[in-house]
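Here is the structure we will look at.
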């Protein structure tokens with residue numbers, strides 16, 4: 008009896024073993040991704056760039072991510088998700104080498120030009136990696152899409168947390184390039200395992216069988232109608248705000264923190280608080296998705312992010328000088344709130360797509376993943392230059408009210424979204440109960 012049980016357990020482990028290199032890669036890609044926000048502005052300032060100029064570098068990174076998100080769906084059809092995934096992985100390693108090498112660049116215009124070349128390449132390859140990874144994971148594990156997204160984002164938060172701390176420690180150990188070289192190298196260590204276990208993203212998103220070709224064409228056209236679906240778009244805007252927050256912080260938070268005279272290690276620890284909170288938020292988001300309360304937690308996350316920007320500066324109408332403890336508290340609420348915004352809204356978008364009757368295949372999840380990344384990138388592109396300009400013109404406390412106003416405005420919309428979905432769920436439950444009652448007398 009023990010042998011069949013052991014065999015069954017082993018078969019289950021083997022069934023999910025392909026996720027191990029994927030999780031490894033996702034962790035270290037996020038760790039390397041986290042290095043740019045806290046450490047690049049200081050290098051750029053030393054090279055003679057103003058805040059709005061290196062804010063433009065952050066925006067360019069996101070702009071090429073937009074190009075990548077639009078292109079990847081087509082690239083997966085022309086090749087395979089496995090090839091797209093590996094190209095994104097190797098490409099992101101090369102980007103880290105390029106971005107770390109900026110340390111030896113001349114200052115001024117040359118530094119800006121080389122930074123733009125690096126981020127144009129890096130933004131594209133990272134999106135190729137992200138879209139191909141999320142498309143396959145949500146397709147292979149479609150019955151638990153909310154939970155698996157939460158696990159991926161939990162690892163993303165852990166990676167960001169590790170990257171912030173390791174980045175500061177490695178810079179203090181030597182100089183700016185070291186963390187980019189070290190973490191970039193670790194990213195590609197999983198490639199042999201990924202090639203060996205080809206199930207990772209190797210499911211080719213080919214067209215369906217010939218007999219259902221006409222139906223598939225109709226479904227593919229209908230997918231774009233989601234862009235006019237109000238509930239789908241509410242989810243897109245909510246998750247987009249998580250990257251609007253990130254885009255606002257990129258050019259403004261580190262310069263604001265200079266008044267506290269933090270070392271690179273302590274600066275990394277402060278950023279780690281946000282990423283640690285993100286991992287906690289991701290775990291809770293997975294739980295709320297599992298118990299079908301994703302809309303509630305999305306609203307709660309939206310409320311948390313608005314509160315975070317109330318106390319971060321703090322707001323000009325708060326009679327309090329800037330305090331480091333307020334920054335820590337704000338980062339905590341920001342991390343949990345961003346996780347709730349992204350994970351719950353992504354999960355709700357996938358479930359809404361299924362309820363609308365779209366096919367549950369990699370084409371559908373690929374389309375949704377592409378739209379998700381596109382909206383994230385749109386938010387992240389537009390925010391850094393605006394943030395850099397506002398903070399430079401008005402200072403941080405008044406300038407941050409721009410984002411606070413946006414977050415506060417969207418909060419009641421997420422509340423109404425939650426109430427509406429709760430009403431629909433209860434109405435459907437009541438209809439099912441009524442049908443059961445009408446069937447019971449007939450049977451008797």
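Numbering (the working numbering), first residue to last: 8 to 451. Just so you know, even glycine gets a beta-carbon here, dropped at the ideal spot from N, CA and C. All values derive from a computational prediction rather than experimental measurement.
Is the beta carbon of residue 410 closer than 8 Å to that of residue 252?
The residue labelled residue 252 in the question sits at position 245 within the chain shown. The residue labelled residue 410 in the question sits at position 403 within the chain shown. Cβ atoms of residue 252 and residue 410: closer than 8 Å.
Check whether the region 180 to 193 and the region 303 to 320 touch, using three or more Cβ-Cβ pairs below 8 Å as the test.
Touching, no.
What is the DSSP secondary structure of residue 183, reduced to helix, strand or coil?
For the purposes of this step, residue 183 is taken as residue 176 along the chain shown, with counting starting at 1. Here residue 183 sits in coil by DSSP.
8 Å Cβ cutoff met for residue 114 and residue 54:
Numbered from 1 along the chain shown, position 107 holds the residue referred to as residue 114. Numbered from 1 along the chain shown, position 47 holds the residue referred to as residue 54. Yes, they are a contact pair.
Residue environment, residue 48, which counts as buried when at least 16 other CB atoms sit within 10 Å:
Reading the chain shown from its first residue, position 41 is the one you call residue 48. Counting Cβ neighbours within 10 Å, residue 48 comes out buried, since at least 16 surround it.
Do residue 33 and residue 163 have their CB atoms nearer than 8 Å?
Position 26 of the chain shown, counting from 1, holds the residue named residue 33. Position 156 of the chain shown, counting from 1, holds the residue named residue 163. Residue 163 is positioned such that its CB atom lies closer than 8 Å to that of residue 33.
Check whether the Cβ of residue 112 lies closer than 7 Å to any heavy atom of the ligand FMN, and answer yes or no.
Inclusion of the ligand FMN in the displayed structure is not the case, the ligand content being empty and no account of it being possible.
Going by the CB atoms, is the gap between residue 161 and residue 290 shorter than 8 Å?
Counted from its first residue, the chain shown places residue 290 at position 283. Counted from its first residue, the chain shown places residue 161 at position 154. A contact, by the Cβ cut-off of 8 Å.
Tell me whether the region 388 to 395 and the region 163 to 179 touch, counting them as touching only if at least three CB pairs, one residue from each stretch, are closer than 8 Å.
no
Taking buried to mean at least 16 other C-beta atoms within 10 Å of its own C-beta, is residue 133 buried or exposed?
The sequence position of residue 133 within the chain shown is 126, counting from 1. Looking at its Cβ environment, which holds 16 or more other Cβ atoms inside 10 Å, residue 133 is buried.
Could you check whether the region 403 to 417 touches the region 309 to 319, counting it as contact only if at least three pairs of C-beta atoms, one from each stretch, sit closer than 8 Å?
Touching, per the Cβ criterion.
Report yes if the CB atom of residue 376 is closer than 8 Å to the CB atom of residue 37, and no otherwise.
The count along the chain shown starts at 1 and reaches residue 376 at position 369. The count along the chain shown starts at 1 and reaches residue 37 at position 30. No. Outside cutoff.
Report the three-state DSSP secondary structure of residue 232 (helix, strand or coil).
By one-based count along the chain shown, residue 232 stands at place 225. Judged by DSSP in its simplified three-state form, residue 232 adopts helix.
Using the Cβ count rule (16 or more neighbours within 10 Å means buried), how would you classify residue 412?
What you label residue 412 is simply residue 405 of the chain shown in a count that begins at 1. With fewer than 16 other Cβ atoms within 10 Å, it is exposed.
Report all residues from its chain with a CB closer than 8 Å to the CB of residue 398; omit the five preceding and five following residues, and keep chain order.
Taking the first residue of the chain shown as position 1, residue 398 is located at position 391. Taken in chain order, the residues that qualify are 58, 258, 259, 262, 263, 406, 407.
Over what stretch of residues does the alpha helix (DSSP H) that includes residue 81 continue unbroken?
For the purposes of this step, residue 81 is taken as residue 74 along the chain shown, with counting starting at 1. In the DSSP assignment, residue 81 falls within the unbroken alpha helix (DSSP H) covering 58 to 85.
Identify, in the order they occur along the chain, each residue of the same chain with its Cβ nearer than 6 Å to the Cβ of residue 208, setting aside the five sequence neighbours on each side.
Locating residue 208 in the chain shown gives position 201, where the first residue counts as 1. Unreliable positioning characterises residue 208 in this predicted model, as indicated by a pLDDT of 45, which lies under 50. The coordinate reading is nonetheless provided below. Excluding positions up to five away in sequence, the list reads 88, 89, 92, 139, 143.
Let me know if residue 356 comes out buried or exposed under the rule of 16 or more other beta-carbons within 10 Å of its beta-carbon.
Translated into positions along the chain shown, residue 356 becomes position 349. Counting Cβ neighbours within 10 Å, residue 356 comes out buried, since at least 16 surround it.
Identify, in the order they occur along the chain, each residue of the same chain with its Cβ nearer than 7 Å to the Cβ of residue 286, setting aside the five sequence neighbours on each side.
Position 279 of the chain shown holds residue 286. Closer than 7 Å at the Cβ level, and outside the excluded window around residue 286, lie 161, 164, 165, 168.
For residue 104 and residue 135, the rounded distance between their alpha carbons:
Here residue 135 refers to the residue found at position 128 when the chain shown is read from its first residue. Here residue 104 refers to the residue found at position 97 when the chain shown is read from its first residue. Their backbone Cα atoms lie some 18 Å apart in a straight line.
With three or more beta-carbon pairs closer than 8 Å as the criterion, would you say the region 193 to 203 touches the region 331 to 344?
no
With DSSP as the reference, label residue 405 as helix, strand or coil.
Translated into the one-based positions of the chain shown, residue 405 becomes position 398. Residue 405: helix per DSSP, three-state reduction.
Rounded to a whole number of angstroms, what is the C-alpha to C-alpha distance between residue 128 and residue 71?
Here residue 128 is taken as the residue at index 121 of the chain shown, counted from 1. Here residue 71 is taken as the residue at index 64 of the chain shown, counted from 1. Their Cα atoms are separated by approximately 8 Å.
Which class does residue 158 belong to by DSSP, given the choice of helix, strand or coil?
One-based indexing of the chain shown puts residue 158 at position 151. In this structure, residue 158 counts as helix in the three-state DSSP scheme.
Boundaries (first-last residue) of the alpha helix (DSSP H) holding residue 249
For this step, residue 249 is matched to residue 242 along the chain shown. It spans 237 to 264 - the alpha helix (DSSP H) in which residue 249 sits, taken as one unbroken run.
What do you get for residue 250, buried or exposed, if any count of 16 or more other CB atoms within 10 angstroms of its CB means buried?
For this step, residue 250 is matched to residue 243 along the chain shown. Counting Cβ neighbours within 10 Å, residue 250 comes out buried, since at least 16 surround it.
Close-in-space but distant-in-sequence residues of the same chain around residue 28 (CB under 6 Å, 5 per side omitted)
By 1-based counting over the chain shown, the position of residue 28 is 21. Same-chain partners within the cutoff: 197, 200, 201.
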